[in-house]
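**Student:** Numbering (my numbering), first residue to last: 55 to 137.
Cβ atoms here follow ideal geometry from the backbone N, Cα and C, with glycine treated the same way.
The structure is reproduced here in structure tokens:
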């Protein structure tokens, strides 16, 4: 489910509603339902902004090692809308 701005997406990993994760998707390359790829300068509009609507997507995630800033962890590099 997207946030209200379409810049982040929350997802469930399995059937347990407590097993939720979220990722920032703004800036990631994305493909809409039509299969066309976009460079990420505009958010993934196919994910929408309705926080009550579930959207099926596939994410490409890389794990970044912390640098001098100490910030690391998973980053979404691409998103493909499935519905």
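1) Could you spell out the range, first to last residue, of the beta strand (DSSP E) harbouring residue 133?
2) Shortest alpha-carbon distance to residue 82 belongs to which of 107, 75, 101?
3) When burial is assigned at 16 or more other CB atoms within 10 Å of the CB, is residue 90 buried or exposed?
4) Answer yes or no: do residue 61 and residue 78 have a C-beta to C-beta separation smaller than 8 Å?
5) With respect to the beta strand (DSSP E) encompassing residue 85, which residues constitute its N-terminal and C-terminal limits?
**Tutor:** On the basis of the coordinates in this document:
1) Within the chain shown, numbered from 1, the residue matching residue 133 stands at position 79. 127-135 is the extent of the beta strand (DSSP E) around residue 133.
2) Position 28 of the chain shown, counted from the start, is the residue given in the question as residue 82. When only C-alpha atoms are compared, the closest one is 101.
3) By one-based count along the chain shown, residue 90 stands at place 36. Exposed, since its Cβ has fewer than 16 Cβ neighbours within 10 Å.
4) Sequence index remark: in the chain shown, residue 61 carries index 7 (1-based). Sequence index remark: in the chain shown, residue 78 carries index 24 (1-based). Going by C-beta atoms, residue 61 is nearer than 8 Å to residue 78.
5) The residue you call residue 85 lines up with position 31 of the chain shown. Note, residue 85: beta strand (DSSP E), 83-85.
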